[in-house]
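**Student:** Quick note, the sequences are listed as chains A, B and C, same order. Just so you know, the UniProt record's numbering puts the end of the first sequence at 322, numbered straight through with nothing missing. Just so you know, the UniProt record's numbering puts the end of the second sequence at 336, numbered straight through with nothing missing. Just so you know, the UniProt record's numbering puts the end of the third sequence at 300, numbered straight through with nothing missing. Positions of the beta carbon are idealized from the N, C-alpha and C atoms, including for glycine. In this text the structure is predicted, and so the values were computed from the model without any measurement.
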Amino acid sequence: MSLLEIDNLSVRYGPADAPPVVDGLDLRLEAGEVLAIVGESGSGKSQAMLALLGLIDPPGRVAADRLQFAGHDLLALGERQRRRLLGKELAMVFQDPLAALDPSYRVGFQLEEVLRQHLGLRGREARRRALELLEQVEIPAAASRLDAYPHQLSGGMAQRVAIALAIAAEPLLLIADEPTTALDVTIQAQILELLLNLQRERGMALLLISHDLAVVAECASRVCVMYAGQAVEVGALPGLFDAPAHPYTEALLAALPEAGTARRPLRGLPGSVPGRHDRPVGCLLAPRCAYVQDDCRARRPPLEAKRQSQARCYHPRNQESP
Amino acid sequence: MLSFLARRLGLLIPTFLGVTLLTFALIRLIPGDPVEVMMGERRLDPQMHAEAMQRLGLDRPLHEQYLSYLGQLAQGDLGQSLRTRESVWSEFASLFPATVELAFAALLLAGVLGLLAGTLAALKRGSLLDHGTMGLALTGYSMPIFWWALILIMFFSVELGWTPVSGRLDLLYDVEPVTGFMLIDTLLSEEQGAFLDALRHLILPAIVLGTIPLAVIARMTRSAMLEVLREDYIRAARARGLSPARLVFVHALRNALVPVLTVFGLQIGSLLSGAVLTETLFSWPGIGKWLIEAIGARDYPVVQNGILLIAALVILVSFVVDILYGLANPRIRHRQ
Amino acid sequence: MNTPLPLTAEPAWPSPLREFCQAFARNRGALAALLFLALLVACALLAPWLAPFDPAAQHRDFLLTPPAWLEGGQARFLLGTDELGRDLLSRLIFGARLSLLIGLASVALSLLPGVLLGLCAGFFPRLLGPAIMRLMDIMLALPALLLAVAVVAVLGPGLLNTVLAIAIVSLPAYVRLTRAAVLGEIHRDYVTAARLAGAGRLRLMFVAVLPNCLAPLIVQATLGFSAAILDAAALGFLGLGVQPPTPEWGTMLASARDYIERAWWVVSLPGLAILTSVLAINLLGDGLRDALDPKLKNLA
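So, in structure tokens, the structure goes:
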């Protein structure tokens with residue numbers, strides 16, 4: 001049994017006929033694995049993860065055939081049981097670290113709060129563990145940072161604190177939602193390295209949400225590409241990036257500036273993601289796809305096995321053997 | 001923190017000087033002969049008039065008069081009441097605790113109920129409870145409190161006979177004024193039942209005076225809570241599995257408190273406005289009633305320096321609220 | 001979610017006015033308030049024709065007659081009479097006239113100078129601005145009612161002085177609001193663009209910046225209107241406002257105080273008139289704020 005099993009997850013807002021922001025997502029994640037979810041903003045990556053944690057509030061609606069994590073059925077879980085799971089076995093790091101820390105409390109207080117909640121640590125013991133955690137996320141002068149307020153930290157430092165908060169109770173799965181997007185370029189690599197180190201040392205699974213394909217190629221063993229709420233291609237790396245089957249994945253990769261090919265003009269995808277009023281009946285990419293044919297417009301393609309991956313496409317790319 | 005304090009203090013001084021200018025000008029703007037205004041007597045004989053003119057310094061140029069007024073203030077001389085011949089300061093000092101007691105009771109009521117109602121309304125957003133609470137809050141905010149007092153008196157005092165109509169304590173009781181706060185003094189005294197009587201006297205005026213602050217705090221708390229509840233750190237705290245009670249009371253309310261405190265501070269001025277009306281209605285022997293009576297009796301030294309004292313009080317309280325604001329919000333405290 | 005517009009079907013954006021009207025119409029409370037206020041204005045305008053009696057006429061045989069539906073009530077005095085036998089309904093109708101007049105006049109008298117001072121404070125940040133703001137701080141140091149009382153103490157009681165006192169008291173709110181709005185707008189690109197295009201300072205103040213500060217000012221003016229009615233009634237109640245026998249709601253309450261044990265209607269009805277009018281204006285203000293300020297739309 002996998003650590004995480006998601007079958008047919010969808011998230012909707014607004015009227016019943018509005019298109020879902022997450023549309024029939026299937027996902028498997030093994031213990032200790034690094035999986036990346038990529039896609040542009042609005043593709044439903046974050047919403048899917050929030051739904052997994054049970055953090056979608058009305059008017060948002062979540063439906064799924066199956067949401068299984070470490071032997072728990074997340075759909076059947078009571079509010080109290082869910083809280084016992086969140087932050088303990090299933091933790092999340094958010095995009096903007098400074099917004100994700102409560103501005104009114106010192107770093108130490110927030111760490112001790114989680115340690116008391118999930119591990120029952122109190123007083124000096126909690127303090128000591130909090131300090132250890134700050135050291136584990138490689139914060140210099142950790143002892144003095146315990147008494148700092150979030151606004152006194154730099155972005156990178158704040159993200160380290162947020163990571164410390166997330167790993168405090170040694171979770172089985174850490175979801176990192178664009179953990180480096182809000183940071184300076186020089187800091188991004190350090191934070192990613194820290195996440196991967198922690199993942200390796202603790203053997204926890206890491207679900208990395210990103211739109212940076214270069215980062216994904218380096219870190220992840222598998223990748224799920226999302227477009228307009230759907231997983232359009234899922235597969236192992238590096239195979240998937242070597243031979244992307246879905247034209248969208250191919251376009252994403254083509255938009256990537258590569259070292260040594262500076263003269264090649266970057267290619268973008270014409271048009272924009274379909275919105276509420278222009279969602280196609282067929283393949284969601286059809287209006288923007290260079291290889292579109294009549295069957296693409298008529299029916300939506302299912303997720304099917306291709307040469308290196310599973311993809312939602314009737315006319316996959318890169319299928320010939322090298 | 002120290003430089004924060006110093007900067008705030010530096011802003012107080014020009015404001016206070018401005019207020020002295022205002023109260024100084026006030027007396028001189030009153031139509032009529034200034035000696036008669038200050039002495040409170042009409043048709044003094046010319047010799048007495050000239051003497052008084054000289055004694056009060058009214059024959060000197062205006063800027064000298066202002067400077068000597070400031071000099072008097074600096075020495076703590078606030079003049080004498082025309083009616084009682086007592087010093088304005090001692091009258092103020094003896095009446096002030098009554099106003100503080102009333103205002104404190106009103107604010108306590110408003111703070112506790114307002115925070116509670118606002119928080120509940122925000123948590124149950126869009127529910128009947130939310131609409132009902134906010135409807136009541138808007139009604140309270142629109143309340144002519146002098147009328148509200150009459151209605152409450154009509155119902156609780158006249159109809160039901162539950163509460164007394166005026167004053168701070170029944171004449172039956174003889175309580176030594178130690179602190180000036182009746183609730184404390186009655187507790188200190190040996191008199192049986194005096195404390196409960198003082199409480200019964202306090203409750204209606206406190207409700208009347210607390211109504212508008214309560215409404216303002218409830219509305220403000222609700223909107224601040226709604227804003228905070230959408231913040232990332234609340235979602236992040238939920239993702240850490242914290243209990244709803246901790247989320248609301250430790251994380252959300254603490255952050256919502258910052259804007260609410262500011263509003264709380266701004267309420268001090270309108271609270272004193274309300275105190276003027278409430279004290280007049282309930283014959284509550286405080287500074288509001290004192291000033292209105294002084295105006296009615298044309299007791300101008302009391303009017304002049306009573307207003308000055310109240311302004312000083314408002315300035316001081318706003319200063320304290322500013323500091324509290326800094327304490328509640330580390331981001332402001334540390335800003336250099 | 002991020003939903004850029006498709007190129008083919010270009011939806012027509014509603015005009016700002018239409019959008020405002022739609023947002024406002026969705027707020028049922030504000031709509032009801034508007035209706036009530038329209039009624040009140042009609043009462044005020046048509047008072048001489050609507051009121052069954054002259055508000056000053058004393059019916060000596062009918063002192064403190066209860067409202068018509070109570071025992072001892074008279075059909076001709078629908079809401080009863082006061083201690084001098086004057087018809088309460090007529091006095092309330094004429095009172096609406098006075099309250100609205102005081103509200104309107106004091107808002108006008110504080111809004112115009114307030115906006116001017118606020119614009120100056122925002123546009124001349126070196127000397128004039130701080131001077132104006134210090135002056136406003138001083139005025140804010142005095143509780144509003146007390147300041148109004150002090151003004152009346154100097155000027156003497158009466159209708160005109162009530163209006164003046166309230167206008168002076170509410171001045172700082174407009175000045176601070178306008179200045180804050182100006183400071184918020186003055187560094188925007190459109191102002192810089194206008195300046196680079198050679199717009200003079202006056203043009204910048206009134207044509208470029210002011211229209212963009214209007215929304216909060218409209219809301220503040222609405223709230224100022226209701227506050228003025230309350231303050232005028234409070235002054236009247238303290239005997240420092242409009243003097244009897246003029247049928248001002250607050251003044252009516254002051255003389256009704258003595259009959260609290262015998263005639264609830266002379267106490268309740270004028271106050272109810274104040275409360276409902278102020279409540280309606282505040283509801284309208286809330287509706288306007290929600291419709292004008294999209295940032296607050298989802299909160300309130």
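#1: If you measure from the beta carbon of residue 55 of chain A to each beta carbon in chain B, is any gap under 8 Å?
#2: Provide the residue(s) that pair with residue 224 of chain A in DSSP beta bridges, ordered along the chain.
#3: Within a Cβ cutoff of 7 Å, which residues of the same chain sit near residue 220 of chain A, ignoring the five residues on either side of it in sequence?
#4: Should residue 28 of chain A and residue 46 of chain A be called a contact, given that it needs their Cβ atoms to be closer than 8 Å?
#5: I believe residue 198 of chain B touches residue 220 of chain B by the beta-carbon criterion, under 8 Å. Please report the beta-carbon distance rounded to the nearest angstrom.
#6: If the cut-off is 9 Å on Cβ atoms, which residues from the region 229 to 257 of chain B count as contacting chain A, listed in chain order?
#7: Please find out if some non-hydrogen atom of the ligand NAP comes closer than 7 Å to the beta-carbon of residue 192 of chain B.
#8: Closer than 7 Å, Cβ to Cβ, to anything on chain C: give me those residues from the region 128 to 145 of chain B, in chain order.
#9: Flag residue 117 of chain A as yes if its beta-carbon sits less than 8 Å from any beta-carbon of chain B, otherwise no.
#10: How about residue 92 of chain A: is its C-beta nearer than 8 Å to some C-beta of chain B?
#11: Check the DSSP bridge columns for residue 92 of chain A and list the partner residues they point to.
#12: What runs of the beta strand (DSSP E), each 3 residues or longer, lie entirely inside the region 166 to 211 of chain A?
#13: Give, in chain order, every residue of the region 99 to 130 of chain A whose Cβ lies closer than 9 Å to some Cβ of chain B.
#14: Consider the Cβ of residue 284 of chain B: report whether some Cβ of chain C lies at a distance smaller than 8 Å.
#15: Counting only the same chain and skipping the five closest in sequence on each side, list residues whose C-beta sits under 7 Å from that of residue 292 of chain B.
#16: Measure from the C-beta of residue 321 of chain B to each C-beta in chain A and report whether the shortest distance is under 8 Å.
#17: In angstroms, rounded to a whole number, what distance separates the CA positions of residue 17 of chain C and residue 98 of chain A?
#18: Compare the C-beta of residue 96 of chain A against all C-beta atoms of chain B and say whether one is closer than 8 Å.
#19: Examine chain C for any beta-carbon lying closer than 8 Å to the beta-carbon of residue 273 of chain B, and answer yes or no.
#20: For a quick check, are the C-beta atoms of residue 91 of chain C and residue 55 of chain C less than 8 Å apart?
#21: Does the Cβ of residue 39 of chain B have 16 or more other Cβ atoms within 10 Å, making it buried, or fewer, making it exposed?
#22: Using the Cα positions of residue 1 of chain C and residue 228 of chain A, report the straight-line distance between them to the nearest angstrom.
#23: I want to see whether chain B comes within less than 8 Å of residue 87 of chain A, judged by CB atoms only; does it?
#24: For residue 26 of chain B, go through chain C and note every residue whose CB falls closer than 7 Å to its CB, in chain order.
#25: Could you tell me whether any Cβ in chain B is nearer than 8 Å to the Cβ of residue 165 of chain A?
#26: Reducing DSSP to helix, strand and coil, say where residue 80 of chain B ends up.
#27: Start and end of the beta strand (DSSP E) containing residue 63 of chain A?
#28: Under 8 Å Cβ-Cβ, which residues of chain B neighbour residue 27 of chain C?
#29: Find the residues of chain B that neighbour residue 202 of chain A, judging by a C-beta separation of less than 7 Å, and give them in chain order.
#30: Among the residues of its own chain, which have a CB less than 7 Å from the CB of residue 107 of chain C, if the five just before and after it don't count?
#31: Is the beta carbon of residue 100 of chain A closer than 8 Å to that of residue 233 of chain B?
#32: What residues in its chain sit with their C-beta under 8 Å from that of residue 8 of chain C, if we drop five residues either side in the sequence?
#33: Do the CB positions of residue 21 of chain A and residue 62 of chain A come within less than 8 Å of each other?
#34: With the cut-off set at 8 Å, would you say residue 224 of chain B and residue 259 of chain B are in Cβ contact?
#35: How many angstroms separate the CA atom of residue 21 of chain C from the CA atom of residue 292 of chain C?
#36: Could you say which of A/317, A/223, A/293 lies nearest to residue 26 of chain A if we only look at CA atoms?
**Tutor:** Once the coordinates are examined:
#1: Output row for residue 55 of chain A: interface = yes.
#2: For residue 224 of chain A, which the question treats as bridged, DSSP gives the partners A/37, A/234.
#3: Here the set comprises 34, 35, 36, 208, 237.
#4: no
#5: Residue 198 of chain B to residue 220 of chain B, Cβ: 31 Å. No contact.
#6: Contact residues of the region 229 to 257 of chain B toward chain A are 231, 232, 233, 234, 235, 236, 237, 238, 239, 240, 241, 242, 243, 244, 246, 250, 251, 254, 255, 257 (C-beta to C-beta distance below 9 Å).
#7: In the structure on display, the ligand NAP does not appear, and there are no ligands present to speak of.
#8: 138, 139, 141, 142, 143, 144
#9: yes
#10: yes
#11: A/175
#12: 173 to 177, 205 to 210
#13: Per Cβ criterion, the list reads 99, 100, 101, 102, 103, 104, 105, 106, 110, 113, 114, 117, 118.
#14: no
#15: 276, 280
#16: No, residue 321 of chain B lies away from the interface with chain A (no Cβ there is under 8 Å from its Cβ).
#17: 39 Å
#18: yes
#19: yes
#20: yes
#21: buried
#22: Low per-residue confidence applies at residue 1 of chain C: pLDDT is 41, beneath 50, and the placement is therefore not dependable enough to give any value.
#23: yes
#24: 150, 154
#25: Residue 165 of chain A counts as touching chain B.
#26: strand
#27: 61 to 63
#28: Here the premise fails: no neighbours, minimum Cβ distance about 12 Å.
#29: Per Cβ cutoff of 7 Å: no residues; residue 202 of chain A is ~18 Å from chain B at best.
#30: 221, 224, 225, 228
#31: yes
#32: With a pLDDT of only 44 at residue 8 of chain C, under the threshold of 50, the placement of this residue in the model should not be trusted, and no figure is reported.
#33: No, they are not a contact pair.
#34: yes
#35: If I take the Cα positions, the gap works out to 10 Å.
#36: Taking only the C-alpha atoms, the option nearest residue 26 of chain A is A/223.
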